[in-house]
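The structure appears below as structure tokens.
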Amino acid sequence: MYQFNWRPVFDNFDLLLKGLLLGIGIAVLALAIGSLLGLIAAFGRASGPRPVRMLVAAYVEGVRNIPLLLIIYFVYFGLPLIGIGVLDNLWSFVFALAIYSGAYLTEIFRAGIEAVGKGHIEAGKAIGLNRWQRIRFVTIPLMFRIVLPSLGKTFIALFKDTSLASAIAVPELTYGAIRINVNTWRVIEVYVVVGLLYLATCYAIASALRLLERRFAMIR
Amino acid sequence: MDVVIASGPLILRGLLITLEVSVAVLLLGTLIGIAGGLSLLYGGQPLRLIARVYVDTLRGIPQLVLIFAIFYGFPALGLQVSAIVAGILALRVFCGAHVSEVIRGGVGSIPRGQMDAAQGIGLTFAQRLRYVIFPQALGRILPAWVNTAVEVVKASSLVSLVSVVDLMMAIQQIVGRTREALLFYAVAALLYFVINYTISVIGVRLEKRYACT
Amino acid sequence: MNEMPVTGKVVVIEGLVKRFGALDILSGVDLQVSKGEVVVIVGPSGSGKTTLLRCINFLEEYQDGRIYVDGRLVGYREGGDGLVRLPDRVIAGMRADVGMVFQSFNLFPHMTALENVMLGLTRVRKLPPAEARERATSWLERVGLQDKLQAHPAQLSGGQQQRVAIARAVAMEPKVMLFDEATSALDPELVGEVLGVMENLARSGMTMLVVTHEMRFAREVGHRIVFMDKGAIVEQGAPMQIFEQPQSERLKAFLGHFAKTS
Numbered sequence: 001m002y003q004f005n006w007r008p009v010f011d012n013f014d015l016l017l018k019g020l021l022l023g024i025g026i027a028v029l030a031l032a033i034g035s036l037l038g039l040i041a042a043f044g045r046a047s048g049p050r051p052v053r054m055l056v057a058a059y060v061e062g063v064r065n066i067p068l069l070l071i072i073y074f075v076y077f078g079l080p081l082i083g084i085g086v087l088d089n090l091w092s093f094v095f096a097l098a099i100y101s102g103a104y105l106t107e108i109f110r111a112g113i114e115a116v117g118k119g120h121i122e123a124g125k126a127i128g129l130n131r132w133q134r135i136r137f138v139t140i141p142l143m144f145r146i147v148l149p150s151l152g153k154t155f156i157a158l159f160k161d162t163s164l165a166s167a168i169a170v171p172e173l174t175y176g177a178i179r180i181n182v183n184t185w186r187v188i189e190v191y192v193v194v195g196l197l198y199l200a201t202c203y204a205i206a207s208a209l210r211l212l213e214r215r216f217a218m219i220r
Numbered sequence: 001m002d003v004v005i006a007s008g009p010l011i012l013r014g015l016l017i018t019l020e021v022s023v024a025v026l027l028l029g030t031l032i033g034i035a036g037g038l039s040l041l042y043g044g045q046p047l048r049l050i051a052r053v054y055v056d057t058l059r060g061i062p063q064l065v066l067i068f069a070i071f072y073g074f075p076a077l078g079l080q081v082s083a084i085v086a087g088i089l090a091l092r093v094f095c096g097a098h099v100s101e102v103i104r105g106g107v108g109s110i111p112r113g114q115m116d117a118a119q120g121i122g123l124t125f126a127q128r129l130r131y132v133i134f135p136q137a138l139g140r141i142l143p144a145w146v147n148t149a150v151e152v153v154k155a156s157s158l159v160s161l162v163s164v165v166d167l168m169m170a171i172q173q174i175v176g177r178t179r180e181a182l183l184f185y186a187v188a189a190l191l192y193f194v195i196n197y198t199i200s201v202i203g204v205r206l207e208k209r210y211a212c213t
Numbered sequence: 001m002n003e004m005p006v007t008g009k010v011v012v013i014e015g016l017v018k019r020f021g022a023l024d025i026l027s028g029v030d031l032q033v034s035k036g037e038v039v040v041i042v043g044p045s046g047s048g049k050t051t052l053l054r055c056i057n058f059l060e061e062y063q064d065g066r067i068y069v070d071g072r073l074v075g076y077r078e079g080g081d082g083l084v085r086l087p088d089r090v091i092a093g094m095r096a097d098v099g100m101v102f103q104s105f106n107l108f109p110h111m112t113a114l115e116n117v118m119l120g121l122t123r124v125r126k127l128p129p130a131e132a133r134e135r136a137t138s139w140l141e142r143v144g145l146q147d148k149l150q151a152h153p154a155q156l157s158g159g160q161q162q163r164v165a166i167a168r169a170v171a172m173e174p175k176v177m178l179f180d181e182a183t184s185a186l187d188p189e190l191v192g193e194v195l196g197v198m199e200n201l202a203r204s205g206m207t208m209l210v211v212t213h214e215m216r217f218a219r220e221v222g223h224r225i226v227f228m229d230k231g232a233i234v235e236q237g238a239p240m241q242i243f244e245q246p247q248s249e250r251l252k253a254f255l256g257h258f259a260k261t262s
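Chains as they are written, first to last, in my numbering: chain A, 1 to 220; chain B, 1 to 213; chain C, 1 to 262.
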């Protein structure tokens with residue numbers, strides 16, 4: 001009969017908490033970098049020359065059909081073997097996750113750009129804004145409000161994906177669980193606690209998102 | 001090139017394991033999802049609540065955590081599971097939650113008027129579902145389900161983290177041995193891409209067949 | 001038994017009450033409709049006219065009162081202390097005898113016009129396919145859509161879709177036909193073809209309850225006009241009486257909104 005003993009897990013709670021915060025940090029970074037990538041790619045696909053459009057399409061389709069784990073391994077194990085060995089495991093993971101999220105964000109932003117009504121853009125033209133000004137003052141602000149819900153969902157997904165960082169020994173939450181398990185063999189306890197931590201965090205993020213949406217999001 | 005040929009059998013075996021895991025997960029996961037979706041749509045209060053809790057809980061946990069939990073946890077409770085079974089079980093649970101939402105969304109997006117009209121001509125509940133609701137829901141559910149299938153194939157790579165020798169693990173082993181990272185990661189990417197792209201193409205075909213609404 | 005010894009009355013409604021939360025949508029409606037009678041229900045929006053219709057074929061539940069269609073209590077049976085909801089199968093059977101035409105047509109988009117009409121005939125009336133097809137075709141011809149049998153709703157105009165919807169309902173040979181603002185969603189030039197079909201139906205002796213804003217139709221085709229406001233029947237009578245000599249202030253105010261039709 002399994003004897004429950006929760007002490008070892010709570011003794012190491014700071015380890016889990018640090019891992020949780022690291023996970024959030026990674027997700028934020030990956031979202032930021034991925035968004036940059038995604039924005040550029042989305043605008044490229046929307047209004048760039050043919051080669052650019054095809055490149056973006058290849059990026060999006062290529063990345064969305066392969067496992068995140070493969071990208072992580074490629075960046076962490078593969079790049080050094082072909083000479084690009086500057087990133088440690090943490091930054092490898094951030095970079096890999098950014099590339100992965102960038103593909104999804106490209107599609108999200110592309111849909112958002114298309115959704116910005118022609119009327120708004122024409123209004124911008126009518127008051128004499130040039131192309132860059134229209135993009136900066138009309139398209140992008142409106143687009144962000146439209147894509148806010150999708151961005152939020154992506155962020156939560158990225159946070160859950162940080163669990164894969166444990167595969168390359170990045171000390172986030174799942175890695176913390178593995179370590180505590182290996183040291184104390186309190187399997188059930190540690191995974192229950194870690195599961196609840198993930199749940200609570202995702203729920204908190206989702207609630208914060210709802211508040212943000214209420215304030216900012218647009219339903220045309 | 002010789003290297004690729006020499007590793008061929010290992011890659012093939014890994015590929016088969018990946019496909020085996022994916023199919024095993026998708027089959028039962030879809031069944032669970034149908035049950036879950038119907039519960040969310042038409043179940044009584046307790047059933048709907050259980051389904052809701054099921055779906056919402058799984059939305060908040062990473063798949064890897066459940067795989068580890070089952071792989072390490074079941075033996076602790078006296079249930080012996082192999083790594084591959086642990087992986088399949090965990091992924092099925094997630095697939096079920098996914099498909100539940102897909103079905104709920106697909107049926108939920110059908111206008112209320114269709115139900116009214118079906119009731120209006122006196123069809124029973126089962127007849128309404130069979131002749132009016134589900135045919136229309138299918139066109140919306142199919143593309144989303146195909147997405148789920150693609151996600152399952154990608155998620156199957158997680159079983160490599162409990163040492164199942166699927167395609168991902170096979171490639172890792174080969175790269176470890178031969179140091180030909182670029183080549184073999186590209187091979188892996190190509191194989192995953194081909195599988196998932198094929199699934200998507202079949203999905204588009206099927207969608208065209210059923211889309212008239 | 002839920003038989004009511006009221007001969008010749010197809011629909012009998014007594015003290016119908018429907019609440020939504022704290023709001024009374026229908027606050028005690030009494031209405032009787034005889035066989036072959038065309039009753040037109042008018043009133044401002046929010047007066048409960050659509051809800052009344054939807055209670056008759058139990059698309060809406062009601063909290064108090066009784067509705068009888070062809071002598072049978074709709075939706076419930078008399079239980080120990082009040083109304084007990086009937087099982088879905090029984091309700092479905094009752095609905096087969098009440099035809100309904102909706103404002104938004106609600107044709108089944110994945111079926112052709114013919115299939116739309118046949119569905120109820122084969123699955124509910126349990127007719128053999130050949131007979132169902134024959135009856136469906138005949139009704140579609142009667143509404144003027146003989147060339148559109150194989151068309152899907154998406155290929156039909158609004159007026160054509162609504163005519164298919166009417167055929168779908170009437171092919172079931174119901175005891176009474178309910179029309180819920182059947183022309184309100186149509187472009188003006190298509191309204192006439194649908195009203196024409198409805199008028200033909202009325203002249204052929206169908207019992208009809210029609211909720212509409214089409215005052216000319218009410219005046220020319222209706223046998224009785226019922227004016228509803230705030231969940232109750234305020235005034236009712238023959239068209240001449242209602243339109244020429246409205247009694248209540250509310251009816252006068254309501255009619256004042258409609259330009260006199262020549």
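Backbone N, C-alpha and C fix where the C-beta goes; we use that ideal spot for every residue, glycine too.
Option nearest residue i by Cα separation, candidates the options
i                      : options                  : result
residue 10 of chain C  : C:178, C:128, C:241      : C:178
residue 98 of chain C  : C:123, C:55, C:112, C:86 : C:55
residue 30 of chain A  : A:122, A:95, A:67, A:146 : A:95
residue 90 of chain B  : B:36, B:100, B:104, B:74 : B:74
residue 92 of chain A  : A:82, A:105, A:73        : A:73
residue 225 of chain C : C:59, C:91, C:49         : C:49
Rounded distance between the beta-carbons of residue j and residue i, thought under 8 Å
i                      : j                      : result
residue 165 of chain A : residue 26 of chain A  : 7 Å
residue 101 of chain A : residue 176 of chain A : At roughly 23 Å, the Cβ-Cβ gap does not stay under 8 Å, so residue 101 of chain A and residue 176 of chain A are not in contact.
residue 68 of chain C  : residue 143 of chain C : Not a contact, Cβ separation roughly 30 Å.
residue 235 of chain C : residue 227 of chain C : 5 Å
Cutoff 7 Å: residue i Cβ touching any chain B Cβ
i                      : result
residue 59 of chain C  : yes
residue 144 of chain A : no
residue 65 of chain A  : yes
residue 106 of chain C : yes
residue 167 of chain A : yes
residue 160 of chain A : yes
residue 19 of chain A  : no
residue 11 of chain C  : no
residue 124 of chain C : yes
residue 1 of chain C   : Model confidence at residue 1 of chain C stands at a pLDDT of 36, short of 50, so the residue's coordinates are unreliable; what they give is reported in the following sentence. Output row for residue 1 of chain C: interface = no.
residue 163 of chain A : yes
Beta carbon proximity, residue i to chain A, threshold 7 Å
i                      : result
residue 193 of chain B : yes
residue 208 of chain B : no
residue 77 of chain B  : yes
residue 85 of chain B  : no
Under 7 Å by beta carbon: chain A residues contacting residue i
i                     : result
residue 61 of chain B : 195, 198, 199
Any C-beta of chain C under 7 Å from that of residue i
i                      : result
residue 213 of chain B : With a pLDDT of only 49 at residue 213 of chain B, under the threshold of 50, the placement of this residue in the model should not be trusted, and no figure is reported.
residue 117 of chain B : yes
residue 121 of chain B : yes
residue 45 of chain B  : no
residue 135 of chain B : yes
Cβ-Cβ distance between residue i and residue j below 7 Å
i                      : j                      : result
residue 212 of chain C : residue 35 of chain C  : no
residue 248 of chain C : residue 185 of chain C : no
residue 97 of chain B  : residue 152 of chain B : no
residue 65 of chain B  : residue 162 of chain A : no
residue 126 of chain B : residue 107 of chain B : no
residue 146 of chain A : residue 42 of chain A  : no
residue 233 of chain C : residue 29 of chain C  : yes
residue 209 of chain B : residue 81 of chain A  : no
residue 118 of chain C : residue 132 of chain C : yes
residue 152 of chain C : residue 122 of chain C : no
Where residue i meets chain C, residues with beta-carbon distance less than 7 Å
i                      : result
residue 125 of chain B : 88
residue 132 of chain B : 108
residue 113 of chain B : 102, 104, 106
Residue i: contacting residues in chain A (beta-carbon distance under 8 Å)
i                     : result
residue 72 of chain B : 181, 187, 191
Closer than 9 Å at the beta carbon, the chain B residues around residue i
i                      : result
residue 174 of chain A : 62, 64, 65, 68
residue 77 of chain A  : 172, 175, 176, 181, 185
Interface residues of chain B facing residue i [CB-CB closer than 8 Å]
i                     : result
residue 82 of chain A : 181, 182
residue 2 of chain A  : 76, 77, 78
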